[in-house]
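Protein chains in written order, with our numbering: chain A, 41 to 736; chain B, 38 to 791.
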């Protein structure tokens, strides 16, 4: 029986099949932006063609099918969602256009934040005419200041229905403390207009912050219809192909959910692809014995970094999409514009060489793609330096044009700087690696960790190529290329392997001294909520795991640290101890504040439904690989081009050990082993790169 | 000259003398000119050091307890050279970046001998004459030593809501001099040999109404400096001190070179702007002009504030504050795409700022509100003059913005929190200002203050959780965005009552451009609406709430309306409603040139009322659609009216192209063959050697008629002030606008060398 994961990306639709022995295979087909479901069916057919030794069993063999999708993200970014109306508290309709003022620059890079005239808020997705305010009010304590009046609510609903809304978001002030008014309005809508999709702020988040909660309700309502249609189409297609297992959908927090739950809370499917990579990293690195992992994904335009700390991916409560900030628990991933397509340019005044964030994108792409790209990119530099083979790229289906790369480098970098084309390529390569190192350092250090305690899990098409170079800058423990070839479709692997995960939160403030029963009472409520949710996912009680966290800060502070409570029986003093330890790790010994009281401002429960039957499969020990060729490759460690052994990636199997310099070529990715580095393959097929002489 | 003997020592306009420092046992690490850096190391290290500075900023945001720092980003982190030139800064409160250079230089000169400057020390300073923008901006800066030499400085400053003094929030609206506000602290050694000096900490925090918050923020600043220091030392260990120093130098050199190149692309000329502050202290009815003449010659900018009003009341800045305002004007406009290495950029800039004015006040003038008085006014002037300068270049004109929030409407609230302790807060809602319109797009609604690139206001729920308030309304206000071909961004509105408390609360308000609008609207646009502070007293608000209504307009309540003057202190009781409307951004271009469909959309979205759509934009809306014929007729009528009934000349739909060698000043005026002409009808606007405004039809409008919420200046000030529009005598196009003292001639705002 097979476990299947599909991830639909911008360029390719990736599919990974994991069989009962934990053996994996990867399949790709081009994405189909005009009809997203088609890409899924296409890649299924590709996989079927490859795998069906005995025809007709591919679909019926699928025991588990999980889907990572960009449909919700695309719907928001392209402004093609449902006609949504919003019902909110009198006096606060404009919160979604004010966007806490920060909407002008939220999530934008520094280059835009510093340049006022190019910044704007995103176009509104709800015109003010489709927002209705009600004379109702609840205060901070949950007390009703002004009761909701049914007739006023009904009039509001009628007005929105008349305006033709397909979906209504209801988000009132303080609904996370007292959701009664929101729930009453939902009931009134359902009674009269059962077909209208309703999102309640209080159902999506129980956190303080009306803007982010309302944005969640609005975006949820906005993407609902597209997401539902798409999921129905895919699941319908699967069923008619003979797949009998219900489809699961990847969520941004790193778990999967049922189709029904995902359709009801479609915002949970935002950012599901990148989350897949982190989930996969966790499984693979755990099997390899690593608890602290930097997950580093290099694609065509961006470099994405996530963290796994003590075996658990970091999750944050807010997400940003299209400059809108919303409450939606998401795996904490940070991106910069540094990928294969990042363009290098020389400032005409200062003659400074910069790389990115501008990207040549998928089209025309790097100059060496020969599709009219005139500007030199990171991929062009990689080619000139010998890391990539112009002939074998994508299994030889897509030859690269080295001359075009050289021309672009000569025209735009080497010429203006008065240096050789090779030196220009070395410059681009070194600068992009340094940017990657800087981002990894930023992500680890800002979250209170030391990159030297982490292994770097590198995936995505170009991840394995660059990783050893910036890893040495960071003194990371090792570079792990997960499962060889699978690393290029690693998100799909993560989608396939993901457990069910739901995040339940409450904004409730408790001050020192903490009373254990108070903490317990909040978690009891969250645990009840979690069990009900996991029940509806069909997760048996024995497969449920709960992890408890509190958000803690010094009284008076506005930012908090997330502290895990391993055992609900612990006392308040221990919470303080754990908080102070984290605090000092994060901000240094000078920052601690002995006399100040602390407070808990939030509670979080991560509820996991285990559903993976298979461990990552052991691989047989293979014969020692032999190089298939040799070519001149530039190694910064040697400062020169060096004759370098080239291996076929598929021949480098468990037990192998290769001394650098060497290059391992796969059809979809390239692994570099620099001089004085070595590469081993562990029992499950991960390639582990270390500096020679470092502890193994 | 100051009347306080001995005050001269605190003016930070001296360069430290290296030899003198050496005689005090302080040796500086100087750049070695023979150091070569390859281009890769250069780029890699530049990027890394910037990250170090950013990481220090993130640390402040994590550790600080101040909503002003963590939400509004009213803080700054920098890395400066050994002599204080700022190499890296973060995109937080721009004014605070400029303060470090003078403070560090002063410290070198005055602290090297005693108490000494050593590894592990940090200095705290909030003295405006030494460099702080005002006393609330508290800087903590640390020398970074390598090999026994002072290699560079790192610094972190935070706007503290209350540092003491007679008034809650430390803004004293009645102060006659600095002795009636919180006394400034010149640089004191707050950390010695890596240990906080508790006596100095107590000296600093004891005076505040919120000592715990100051202590917490002090730790945030120390943590930020520690982070930056250790990361710089890591870089030195890896690359060598000379290389790191050389890269810091090159970062500044590059920024300078890029700015010089940009300036050479712009035409030479003189740009002038006059901006006004009213009400120098509570009860005052004066208006005070700040005057800027910006000369751009080749690759050099000269800002000359000669002629600005004498120092008065509490609306003053020390010279460091004015310099901060000028730099804040330059950064996000002129060099928005160039690294913000102040130490390099300012080599292209000269500032003339005579002593004794409200922009360079002598000790002991009252300066506690410097950031929102003199500094802000200097920023308004620099912003307007630079925008008009950039409009004279077809590409850089896209960087220009009409004037935005004319001031920071301070809303200090002093009251009692739910635990029974007193609190002071400064509402960040002041960021609900609209941005000015651009030459190609509308201004952004409720977009923030120009001195904060990335401001954020708290959620209403966060406000109500912390303080006993019930917010009736927080929204975007109609008819606040300045009219124009491109509309200025709408400002916000905010109103609240006290909730679940029996005590009265005290408000301290301080702003300017309450009585007169913020000029600086470009190319004939109208100014945005001004801020309006009000209190509806003894109203029936509680009864209305009990009846199930949440009143949105204070006019609908009983009681008496109290429009608060520009500087006021007042109480709010349980029956009083506090309500404020914020600045709109200025418009760009003649409002009659706005697409009628855009006006219709603004009416539908509640940004423009139907009345104003007809009055200002000439757009007639019938049955939810634009009546195009009636609109066309109305617009022609308005143009004729501007010309005193004369039939306007035929007008091109799009402005005429600027001929080779000519210069477009904006959408409507161009310079060619030494004469200015109208780009819409070809009408001659006189020779370039004269003030073109004198060749135009000048019309004056009472300021109260500018927008429905605009106050009558006579309510607050005595001197007559006019709003003027300058009309092309040919086609009736509104070419330019200005806000001016009635007794003064039209300002020659753009004088090109040709």
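Just so you know, even glycine gets a beta-carbon here, dropped at the ideal spot from N, CA and C.
Every value quoted in this text rests on a predicted model; they were computed, and no experiment measured them.
Mind listing the chain A neighbours of residue 555 of chain B? Cutoff is C-beta to C-beta under 7 Å, in chain order. By Cβ distance, chain A contributes nothing, its closest Cβ being about 16 Å from residue 555 of chain B, past 7 Å.
Residues of chain B with CB under 9 Å from residue 195 of chain A, in chain order? Ordered by position in chain B, no residue passes the 9 Å Cβ test against residue 195 of chain A, which lies about 14 Å from the chain.
Members of the segment 470-486 of chain B near chain A, C-beta cut-off 8 Å: Cβ contacts with chain A come from 472, 475, 478, 481, 482, 483, 484, 485.
Measuring only the C-alpha atoms, how far is residue 800 of chain B from residue 142 of chain B? As shown, chain B starts at 38 and ends at 791. That puts residue 800 of chain B outside it, with no answer to give.
Environment of residue 230 of chain B [buried if 16+ CB atoms lie within 10 Å]: Exposed, by the Cβ-count rule.
Cut-off 8 Å between Cβ atoms - residues of its own chain near residue 430 of chain A, not counting five sequence neighbours on either side: Closer than 8 Å at the Cβ level, and outside the excluded window around residue 430 of chain A, lie 408, 423, 439, 440, 441, 442.
How many Å lie between residue 693 of chain B and residue 119 of chain A at the Cα? The straight-line gap from Cα to Cα measures roughly 36 Å.
Spatial distance of residue 223 of chain B from residue 447 of chain B (CA atoms): Straight-line Cα distance between these residues: approximately 25 Å.
Give the secondary structure of residue 46 of chain A by DSSP, where H, G and I count as helix, E and B as strand, and everything else as coil. Annotated three-state conformation of residue 46 of chain A is strand, per DSSP.
Of all the CB atoms in chain B, is at least one closer than 8 Å to the CB of residue 736 of chain A? The predicted model places residue 736 of chain A with a pLDDT of 46, which falls under 50 and marks its position as unreliable, so this point remains unresolved.
Return the CA-CA distance between residue 40 of chain B and residue 294 of chain B, expressed in angstroms with no decimal places. Straight-line Cα distance between these residues: approximately 42 Å.
Just confirm the distance between the C-beta atoms of residue 348 of chain A and residue 322 of chain A, as a whole number of angstroms; I'd bet it's less than 8 Å. Contact annotation, residue 348 of chain A with residue 322 of chain A: C-beta distance approximately 5 Å; criterion of less than 8 Å satisfied.
Residues of its chain near residue 285 of chain A, where Cβ-Cβ distance is below 7 Å and the 5 sequence neighbours each way are ignored: Leaving aside the five residues that flank residue 285 of chain A on each side, the residues in its chain whose CB is nearer than 7 Å to its CB run, in chain order, 102, 103, 104, 105.
Own chain residues within Cβ distance below 6 Å of residue 736 of chain A, not counting five before or after: Only weak support exists for where residue 736 of chain A lies, its pLDDT of 46 falling under 50; the value from the coordinates is given anyway. Nothing meets the Cβ criterion.
Counting only beta-carbon separations shorter than 8 Å, does residue 184 of chain A have a partner in chain B? No, residue 184 of chain A lies away from the interface with chain B (no Cβ there is under 8 Å from its Cβ).
Identity of the residues DSSP links to residue 685 of chain A by a beta bridge: A/670, A/702.
Are the CB atoms of residue 177 of chain A and residue 186 of chain A nearer to each other than 8 Å? For residue 177 of chain A and residue 186 of chain A, yes; Cβs fall inside 8 Å.
Status (buried if at least 16 other CB within 10 Å, exposed otherwise) for residue 645 of chain B: Classification for residue 645 of chain B: buried.
In this structure, how does DSSP classify residue 718 of chain B when only helix, strand and coil are distinguished? DSSP places residue 718 of chain B in coil when its eight states are reduced to three.
Helix, strand or coil for residue 397 of chain B per DSSP? DSSP places residue 397 of chain B in strand when its eight states are reduced to three.
Note down, one range per segment and in chain order, each alpha helix (DSSP H) of at least 4 residues found wholly within the segment 80-154 of chain A. Runs found: 97-100, 111-117, 135-138, 150-153.
Host alpha helix (DSSP H) of residue 516 of chain B (start-end): Residue 516 of chain B -> no alpha helix (DSSP H), and no H or E assigned at all.
Name the DSSP bridge partner or partners of residue 759 of chain B? Partner(s): B/777.
Opposing strand residues paired with residue 209 of chain A [DSSP bridges]: Bridge partners of residue 209 of chain A: A/126, A/239.
Close Cβ partners of residue 703 of chain B (< 7 Å) along its chain, the five nearest in sequence each way excluded: Close CB contacts of residue 703 of chain B within its chain, under the 7 Å cut and outside five residues either way in sequence, are with 428, 559, 560 (chain order).
Could you name the residues of the same chain whose beta carbon sits closer than 8 Å to that of residue 303 of chain B, not counting the 5 residues immediately before and after it, in chain order? 333, 426, 427, 429, 430, 433, listed in sequence order.
Under 8 Å between C-beta atoms, does residue 712 of chain B make it to chain A? Residue 712 of chain B has a beta carbon lying at 8 Å or more from every beta carbon in chain A.
Against residue 392 of chain A, what residues of chain B qualify as contacts under a CB-to-CB distance less than 7 Å, listed in chain order? Neighbours of residue 392 of chain A on chain B, chain order: 80, 291.
Residues of chain A with a CB under 8 Å from the CB of residue 374 of chain B: which are they? Within 8 Å of the CB of residue 374 of chain B, the CB atoms of chain A belong to 151, 154, 155, in sequence order along the chain.
Which residue marks the beginning of the alpha helix (DSSP H) containing residue 90 of chain B, and which one marks its end? For residue 90 of chain B, the enclosing alpha helix (DSSP H) covers residues 76-100.
Rounded to whole angstroms, what is the Cα-Cα separation between residue 811 of chain A and residue 305 of chain A? No answer is possible for residue 811 of chain A: it lies beyond the span of chain A, which begins at 41 and ends at 736.
On the DSSP bridge list, what partners appear for residue 284 of chain B? DSSP output for residue 284 of chain B lists no bridge partner at all.
Residue range of the beta strand (DSSP E) that includes residue 494 of chain A: Note, residue 494 of chain A: premise wrong, no beta strand (DSSP E); not H, not E.
Beta-carbon gap between residue 343 of chain B and residue 72 of chain B smaller than 8 Å: Going by C-beta atoms, residue 343 of chain B is not nearer than 8 Å to residue 72 of chain B.
Got a sec? Which residues, its chain only, sit under 8 Å from residue 252 of chain B by beta carbon, not counting five neighbours each side? Answer for residue 252 of chain B: 238, 242, listed in chain order.
So is residue 604 of chain B buried or exposed if we call it buried at 16+ other beta carbons inside 10 Å? With 16 or more Cβ atoms within 10 Å of its Cβ, residue 604 of chain B is classed as buried.
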